[in-house]
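Engineer:
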Amino acid sequence: MVDDDYLFLNSSKLINTYKEKKVSPVEVTKAALDRSRYIQQECNAFTEYFDKIALKNAKQAENSYLGKSHEPRPLEGISLAVKEEFAFINSCRSSGSKIFKDRVDNFTDVYIQRLLDGGSIPLFKTTTPEFCLLGTTWSDLHGVTTNPWNKKYTPGGSSGGSGVALATGACTIASGSDIGGSIRIP
Numbered sequence: 000m001v002d003d004d005y006l007f008l009n010s011s012k013l014i015n016t017y018k019e020k021k022v023s024p025v026e027v028t029k030a031a032l033d034r035s036r037y038i039q040q041e042c043n044a045f046t047e048y049f050d051k052i053a054l055k056n057a058k059q060a061e062n063s064y065l066g067k068s069h070e071p072r073p074l075e076g077i078s079l080a081v082k083e084e085f086a087f088i089n090s091c092r093s094s095g096s097k098i099f100k101d102r103v104d105n106f107t108d109v110y111i112q113r114l115l116d117g118g119s120i121p122l123f124k125t126t127t128p129e130f131c132l133l134g135t136t137w138s139d140l141h142g143v144t145t146n147p148w149n150k151k152y153t154p155g156g157s158s159g160g161s162g163v164a165l166a167t168g169a170c171t172i173a174s175g176s177d178i179g180g181s182i183r184i185p
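Note that numbering that gives the first Met the number 0 has the sequence shown beginning at 0, numbered continuously upward.
(1) Measure the CB-CB distance between Ile120 and Leu79 and report whether it falls below 8 Å.
(2) For Lys67, which of helix, strand or coil comes out of DSSP?
(3) For Tyr64, count neighbouring Cβ atoms within 10 angstroms of its own Cβ and tell me buried if that reaches 16, exposed if not.
(4) Please work out which residues of its chain come closer than 7 Å, Cβ to Cβ, to Asn146, disregarding the five sequence neighbours upstream and downstream, and give them in chain order.
(5) Given a cut-off of 8 Å, decide if Thr144 and Ala44 are closer than it, judged by their beta-carbon atoms.
(6) Taking 6 Å as the limit between beta carbons, can you name the residues of its chain near Ser161, skipping five residues before and five after?
(7) Please report the distance separating the alpha-carbon of Gly180 from that of Ser157.
(8) Would you list the one or two residues that DSSP bridges to Trp137?
(9) Specify the secondary structure class of Cys91 as computed by DSSP and reduced to three states.
(10) Is it buried or exposed for Pro24, if we count other Cβ within 10 angstroms and need 16 for buried?
(11) How long is the line joining the alpha carbons of Ile184 and Ile178, rounded to whole angstroms?
(12) With distances taken from CA atoms, which of Ser96, Pro73, Gly76 is nearest Glu84?
(13) DSSP on Phe85, reduced to helix/strand/coil?
(14) Which one of Ile182, Phe87, Lys29, Lys20 has the shortest CA to CA distance from Thr136?
(15) In the DSSP assignment, what are the bridge partners of Pro154?
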């Protein structure tokens, strides 16, 4: 069982714990996925999970740190939340809209691909308001995403799902975007 403190480490510190073999990427990935499922019940911040990919990538990262494969990349074993507006191959990208609820991507956005190429591990997609156009995170498709510290408040938007994921230790890094405060508000 992974101590919750590992879920709240920044990427640099977590990478150091991997190098020192205090904890493995597989253990942290499993703990983060478990935590995200608990948080989902409380906050409704996630739209899709990538367990199979995440655990496969975590095992590859673990082998890297154990010297059984390639040298660890800059983000090797670091968990990633993918905002619903970004394409990730074979995942749904609805942008919070019922219009696009069945859209499945056949490519990955460059932004996300660069994080993956750096060794990050995609765990899940996070909620956004419809078309990412509100300062709160709710949509007819996914419902309301609530603030993890007070259900009466919003986690902001449009990157509210990513904000919840980071604030609760469900991931180490999260994708976001900002036009009118979408990262600054959460």
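From the three backbone atoms N, C-alpha and C, an ideal C-beta is built for every residue, glycine too.
Structural biologist: With the structure as the only source:
(1) Residue 120 sits at position 121 when you count from the first residue of the sequence shown. Residue 79 sits at position 80 when you count from the first residue of the sequence shown. Between Ile120 and Leu79, the C-beta gap is smaller than 8 Å, which places the two residues in contact.
(2) Stepping through the sequence shown from its first residue, residue 67 is reached at position 68. Looking at Lys67 - three-state DSSP - the assignment turns out to be coil, as it is neither helix nor strand.
(3) Counted from its first residue, the sequence shown places residue 64 at position 65. Burial state of Tyr64 is buried, judged by a 10 Å Cβ sphere holding 16 or more other Cβ atoms.
(4) The residue given as residue 146 occupies position 147 in the sequence shown. Apart from sequence neighbours up to five positions away, the residues of its chain that approach Asn146 with a beta-carbon distance below 7 Å are Tyr152, Thr153, Pro154, ordered along the chain.
(5) Looking up residue 44 in the sequence shown gives position 45. Looking up residue 144 in the sequence shown gives position 145. Taking 8 Å as the cut-off, the Cβ atoms of Ala44 and Thr144 count as close.
(6) Along the sequence shown, read from residue 1 onward, the residue named residue 161 stands at position 162. Same-chain partners within the cutoff: Ala80, Lys82, Thr125, Ala173, Gly175.
(7) The count along the sequence shown starts at 1 and reaches residue 180 at position 181. The count along the sequence shown starts at 1 and reaches residue 157 at position 158. C-alpha of Gly180 to C-alpha of Ser157: approximately 8 Å in a straight line.
(8) Here residue 137 is taken as the residue at index 138 of the sequence shown, counted from 1. Bridge partners of Trp137: Val143.
(9) Counted from its first residue, the sequence shown places residue 91 at position 92. If DSSP states are grouped into helix, strand and coil, Cys91 belongs with the strands.
(10) As a first step, residue 24 is located in the sequence shown; it is residue number 25 there, counting from the start. By the Cβ-count criterion, Pro24 is buried, with 16 or more other Cβ atoms from all chains shown falling within 10 Å of its own Cβ.
(11) As a position in the sequence shown, residue 184 is number 185, starting the count at 1. As a position in the sequence shown, residue 178 is number 179, starting the count at 1. Approximately 11 Å between the Cα atoms of the pair.
(12) Here residue 84 refers to the residue found at position 85 of the sequence shown. Of the candidates Ser96, Pro73, Gly76, the one whose C-alpha sits nearest the C-alpha of Glu84 is Ser96.
(13) Locating residue 85 in the sequence shown gives position 86, where the first residue counts as 1. Three-state DSSP puts Phe85 in coil, outside helix and strand.
(14) Your numbering for residue 136 matches position 137 in the sequence shown. Among Ile182, Phe87, Lys29, Lys20, the Cα nearest to that of Thr136 belongs to Ile182.
(15) In the sequence shown, residue 154 corresponds to position 155, counting from 1. Beta-bridge pairing links Pro154 to no other residue.
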